Every structure is written in C-alpha cells, then in structure tokens.
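A short write-up of the structure that comes next.
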Amino acid sequence: MATQLAVTHYSQPWHQRVLELLGHILKYFVLIVLAVSFLLPFYWMVSSAVKDDAQVYVVPPIWFPNPQFWENFWNAWNSETFNLWTFNTVVRYAIPATVGVVLSSSLVAYSFSRIEWKGRNALFAVVLATMMIPDWVRLVPLFVIFRKLGWINTFNPLVVPQFFGSAFFIFLLRQFFMALPLELSDAARIDGASELRIFLRVILPLSKAALAVVGLFTFMNAWNDYLGPLIYINQEHKWVLTLGVGRLRGAVYEIGNTKLAYPWLMAVSSLITLPVFLAFFFAQRSFIEGISLTGLKG
Amino acid sequence: MIALRRSFPATSREWRNFLLGVAFASPWIIGFLGFTLYPVGSALYYSFTRYDLVRDPVWIGVQNYVAFADDPDFKLVAGNTLWWVLISSPLGVLSAFLMALLLNSRIILRSFFRSIFFFPAIVPVVVTAFVWIFLLNIQYGAINSTLQSMGFKTIPFISSPDLMKWSLVVIHMWSQGAAMVIFLATLQDVPKSLYEAATVDGANALRRMWNITVPMVSPIILFNLVISFISGFQYFTLPWIMTQGGPSRSAEFYAIYLYRNAFQWFRMGKASALAWVLFVLILLFTYLIFRTSGRFVYYAGAAR
C-alpha cells in the first residue's frame, strides 16, 4: 500500500503524503469500528444463546459465557412446535410463493421486454406506478375478499397472489431480458419457433442467474415475512416461524418465568438467521448483483 | 387508449404481437385488476362507510375523514410518522451513501466489509427486533450493563418516549445494505477520467467529492430517498414487535394505528379511510420531491 502511494504521488510534497497516509489510517479506523459495531449485535445474539439465566442478569455483561450451555439450542427449539412452523414456512409458504413469482414474473417480464406490442410501454408504466401504492390500501378489501372465499387461516392469501406477478421482480427481470441480444429471438423465429417456445427454450435458459436472484429474494421475503401471517393466520398449528419466535418473546415478560427466556429467544433467533446467513454466504454475488440491477435505471 | 384505437387496424403481424403481448402479460393484468385496482377502489368505498365485517357496510359519507380533524389518536400517529419519515429517510440514505463511499475507496478486503455492512438488511425483522431489545434494554441490555459497570448512568433507549424513536433511527441506519449496494454500483460507474481531470486542475478531495461524486450519484440519492419515504410511511413490523408502539405510544406509527383499527377493533371503514389518506400523502410527497428535485439532481446526458 505504502509503496503504491509513493509511486503514484511521487511528485507531491512530503506534507501531502503525510496527510494522505493519515487519511488512510483514519479510513481503516472508521471501517473497523463500523464493521465491529455491525457484527456486535450478531455476536451478542449467538453468545447470549449459550448462557444460563444467571449469566444474563449480570453487570458487566458477559461476552464470553463460561460455562456454555449449547443444549439451549436444542431445548429452545423443542420448547415449541418449531419443526411444524418451519415446515409451514418452507413447504406451505416459501416454496409455493417462489414458484409462483418466478413463473409469473418471468412470463410478464418477457412480454414487456421482448414482444413489441402497442400499449406495452404505457402498461409498463402502470406496473412501475403500482410500486408506489402502499400495501395498506389493499389490505382491508383483500382481507374481506379472502374472508368471503374462506381463505382465512389458510396459506392461500399469502401464496395465490404471487402467481400474478410482482411489480418489483417484473421490473428486475425486464432489465435482464432487455440486455439479451434480439438476434437470438429472431434466429429462433426464422426457424419457426413459437413465442412460448422461444421464452422457454432460449430466454429462460440464458437467464438462470436472474431467475435465481428472483427466487432467492422471494424465498427470503417469505421466510422473513411477519405482517402477512400475522393478519391471515391465527391458528397456532398453521403459524410460521416468525410468529412462533414472537411467542417466545411473550415468555420474557411473564413474571417468575423460569424458562430461560432470553437465552432461548436468542437461540431460536440464531437458528432462524442461520439459513439466511448461509444463503447469503453462498449466493453473495446474486444478492449484490440483483440489487444493483434494480438500481441501475432508477 | 384513444391513440391505440387510431393506430389500429394495423398489419396482421401487429395484431398477432398485440395478442401475444397481452397473453404473456395476462397474469399481471389479471392480478392488477383483482389484487390491486379492485381492492384500492373498494377501499375508497369502504372509507365512506361504517363496516365491522359482521354487518354490511353502512354509508356514512365523509364522516370517517372529517373525524380525523379532531381525533387526537390520528394527530399523534400522523405526527410520529412525519417525524419518522423526515428524520429516518435522510439519515438512512446518508448512512448508505457513506458506507458505499468507504467501500468504493481504495481498501483491502472490500467484499468482506461489504458483506458485513450488507448482512443486517436481510436478517428477519423479528430477529433484528429481539437482538436490539436485548442490546438496548435498561436492565440487562449489553450497552446499559456496560455503562453501569463503568459507573455511568443507564440510558432508557427503548423505555423512554424521548429516545425510542431515535433508537429506531439507529437500527434503521444499521440496516441500509440494499441502498448501500445500489450506491456502490453507481459509484463504480462514475468515469475515472473526471477525477483525474479534476485532480490535474488542483481540486482537493473534498471538492472532487462535492463537484463530481455527489452530482453523478444524485439520481440515485433521489431514487433511494423516494423508496425510503414510501416505505417509511408504512413502517410497521419493527416497532410493532419491539414495543407494540410504546413506550407511551411514542413509536405508534400510522401503520400500527391502521392495523389496530382494522384487525383488532374491526373498524374496517375507518381503517380504509386511514389507508387512503396514507396513499394520498405518499403520492403528494413523491410528487413534491420530483417537482423540487430538478434543481438538485444531475442527469448525465440530459439537456439542461
């Protein structure tokens, strides 16, 4: 680093070089302080998960619990029906939602990017405009409709709308499809391929990365969703993880509670963060590129 | 639509493409009609009614809206929400911008630091809430225990109405990963030649920052700010899980009040009126930002 500095700025007077060095030191100082303060909450979460009650209510706080109670993870997880709630979250919500969003949004994005038709751009402007409509405006009537359909306490209100495209992901995929050369479609058309065939056989295989981003984001949104299940699902055996964790929180405030509320709460929090962490760790590029893609034409 | 009619009838190829285009877009078109346009419209209707889900809606005209004028609850949550939007959005965008600037400068381990700054943005909100409660709690929160052990007074971060909103602002600034990544992508697109030319002309780092970086990313500042305003007006999950709007209703934001009216008290008419006021507020805010932004935002390639 230092040699590089010296080479590129050899013509500068010495005091400027000192200033720049100081700037570098300051920069790394800020970076490290920030990084630590970003990580600290997570470290606090995991380290508190292996404490017992006595280690929680201690001044100063214990950052390196000793002894560690690793069984907290097991006990906390089994203190409620978290297995069932995980099943509900993944199989009954996240997976169908992901399938729905990927299928419908890619189909619609194809129409808005690779078929030339009258009124297309006007309608796409409407797609973008819908992103400004607050969900809260639709919530009451949707609740009324779903209630009439007998869908309260089912996953339909959370899953079915996903099969009708999501403005944000239509936008994201459209950006991606537009960047693919038009000659690809033209060549297939000359060969007599139908539009659906071009979509399925030419465009989709080339868009695996973008589709993965959409799938990943949708899955994570479902995994993290709290408001949707809060409104539509009241029966405990149909809860999702986020609602179940919320219930442990109630235990914290029970007087005379001996269930090790905070360590267990932190243990379960760590466990439901773990899949998010792993997904991020292995698919970091997808996350970052997916988000930058939506910002490009902002 | 009129323009559309005039340009038809067109060639059969155009017709074919039109039908194909509509067919491919039909999931969204149907969804838009059923899950957006109809609900937004019927919310407007409900907002002129008294409706408790059990009995049919009763038309009461503009009563729901008029009642807001001397509803202390409405004023409280509207005030809290305006405070939240005006304070948290600019600070959140600033936080994202500064993090992106740091990451864009010549540093080692860039992607490592980027991951750390980004991660809080994708953690489940439930987890964010619990971890921060456990950090900020007055008795056994990590921060207050540390302060106490060093002989300082404890700070009621989330148990004092004066501090609660500020604590939420800090958490908000901590989870700006998405906006940061968008800034970073934009910063990397700023032509290096601009900086080189400025350096040759003797511009120092601060000037380069103010006269090159800020104008070049100003459209993205606007973009992030608008996104942040829109979601700020709808802020719900974090304050709901942390304190259900407390302490002393200091974090009772508009959406929390709306949720209570709709799903705890089943005042669907009033909730719909609240929702429509929110909608209009968001439209108004967005319009005003775009109207006034012309002076501050630089679009490369646009005639000025």
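Chains as they are written, first to last, in our numbering: chain Z, 41 to 338; chain X, 19 to 322. Note that beta-carbon positions come from the ideal geometry of N, C-alpha and C, so glycine has one too. The structure presented is a predicted model; accordingly, all values stated were derived computationally and were not measured.
Environment of residue i [buried if 16+ CB atoms lie within 10 Å]
| i | result |
| --- | --- |
| residue 156 (chain Z) | exposed |
| residue 98 (chain X) | buried |
| residue 260 (chain Z) | buried |
| residue 302 (chain X) | exposed |
| residue 322 (chain Z) | exposed |
| residue 118 (chain Z) | exposed |
| residue 94 (chain Z) | exposed |
| residue 248 (chain Z) | exposed |
| residue 139 (chain X) | buried |
| residue 162 (chain Z) | exposed |
| residue 321 (chain X) | Only weak support exists for where residue 321 (chain X) lies, its pLDDT of 47 falling under 50; the coordinates are left without a value. |
| residue 317 (chain X) | exposed |
| residue 215 (chain X) | exposed |
| residue 102 (chain X) | buried |
| residue 223 (chain Z) | exposed |
| residue 176 (chain X) | buried |
| residue 168 (chain Z) | exposed |
| residue 63 (chain Z) | exposed |
| residue 81 (chain Z) | buried |
| residue 147 (chain X) | buried |
| residue 85 (chain X) | exposed |
| residue 294 (chain X) | buried |
| residue 165 (chain Z) | exposed |
| residue 279 (chain Z) | buried |
According to DSSP, residues forming a beta bridge with residue i
| i | result |
| --- | --- |
| residue 54 (chain Z) | DSSP output for residue 54 (chain Z) lists no bridge partner at all. |
| residue 67 (chain X) | X:77 |
Residue i and residue j closer than 8 angstroms at C-beta
| i | j | result |
| --- | --- | --- |
| residue 172 (chain Z) | residue 304 (chain X) | yes |
| residue 254 (chain Z) | residue 145 (chain Z) | yes |
| residue 213 (chain X) | residue 230 (chain X) | yes |
| residue 25 (chain Z) | residue 134 (chain Z) | No answer is possible for residue 25 (chain Z): it lies beyond the span of chain Z, which begins at 41 and ends at 338. |
| residue 267 (chain Z) | residue 254 (chain X) | yes |
| residue 179 (chain X) | residue 106 (chain X) | no |
| residue 43 (chain X) | residue 152 (chain Z) | yes |
| residue 263 (chain Z) | residue 257 (chain X) | no |
| residue 285 (chain X) | residue 88 (chain X) | no |
| residue 150 (chain Z) | residue 257 (chain Z) | no |
| residue 84 (chain Z) | residue 152 (chain X) | yes |
| residue 206 (chain X) | residue 122 (chain X) | yes |
| residue 235 (chain X) | residue 204 (chain X) | yes |
| residue 141 (chain Z) | residue 215 (chain Z) | no |
| residue 202 (chain X) | residue 118 (chain X) | yes |
| residue 77 (chain Z) | residue 105 (chain Z) | no |
| residue 64 (chain X) | residue 287 (chain X) | yes |
| residue 83 (chain X) | residue 289 (chain X) | no |
| residue 296 (chain X) | residue 247 (chain X) | no |
| residue 283 (chain Z) | residue 269 (chain Z) | yes |
Residue i (DSSP reduced to helix, strand or coil)
| i | result |
| --- | --- |
| residue 103 (chain Z) | coil |
| residue 228 (chain X) | helix |
| residue 112 (chain Z) | helix |
| residue 247 (chain X) | helix |
| residue 95 (chain Z) | helix |
| residue 127 (chain X) | coil |
| residue 234 (chain Z) | coil |
| residue 89 (chain X) | coil |
| residue 220 (chain Z) | coil |
| residue 317 (chain X) | coil |
| residue 325 (chain X) | Because chain X here runs from 19 to 322, residue 325 (chain X) falls outside it and cannot be looked at. |
| residue 296 (chain Z) | Confidence in residue 296 (chain Z) is poor, its pLDDT being 46 and thus under 50, which makes the residue's placement unreliable; the coordinate value appears in the next sentence. Reduced to three states, the DSSP call for residue 296 (chain Z) is coil. |
| residue 194 (chain Z) | coil |
| residue 125 (chain Z) | helix |
| residue 175 (chain Z) | helix |
| residue 269 (chain X) | coil |
| residue 188 (chain Z) | helix |
| residue 321 (chain Z) | helix |
| residue 297 (chain X) | helix |
beta-carbon residue i near the ligand ATP non-hydrogen atom, thresh 7 angstroms
| i | result |
| --- | --- |
| residue 166 (chain X) | Only the bare structure without any ligand can be found here, which leaves the ligand ATP out of the picture. |
Proximal chain A residues relative to residue i, where beta-carbon distance stays under 7 angstroms
| i | result |
| --- | --- |
| residue 54 (chain Z) | Considering every chain present, this structure includes no chain A. Its protein chains are Z and X. |
Check: Is there contact here, the segment 269-280 of chain X with the segment 129-138 of chain X, by at least three beta-carbon pairs under 8 angstroms?
Finding: No, because fewer than three Cβ pairs between the segment 269-280 of chain X and the segment 129-138 of chain X fall closer than 8 angstroms, the two stretches do not touch.
Next item on the list: Examine the Cβ distances between the segment 99-119 of chain X and the segment 194-210 of chain X and report whether three or more of them are shorter than 8 angstroms.
Entry: yes
Next item on the list: Count the C-beta pairs between the segment 220-235 of chain X and the segment 167-179 of chain X that are closer than 8 angstroms, then say yes if the count reaches three, no if not.
Entry: no
Margin query: For the structure I just gave you, are there three or more beta carbon pairs, one from the segment 84-102 of chain Z and one from the segment 223-236 of chain Z, closer than 8 angstroms?
Written below: no
Check: How do the segment 112-129 of chain Z and the segment 176-193 of chain Z stand: do at least 3 beta-carbon pairs fall below 8 angstroms, yes or no?
Finding: no
Notebook entry, point to check: On the three-pair Cβ rule with 8 angstroms, is the segment 104-114 of chain Z touching the segment 303-323 of chain Z?
Noted result: yes
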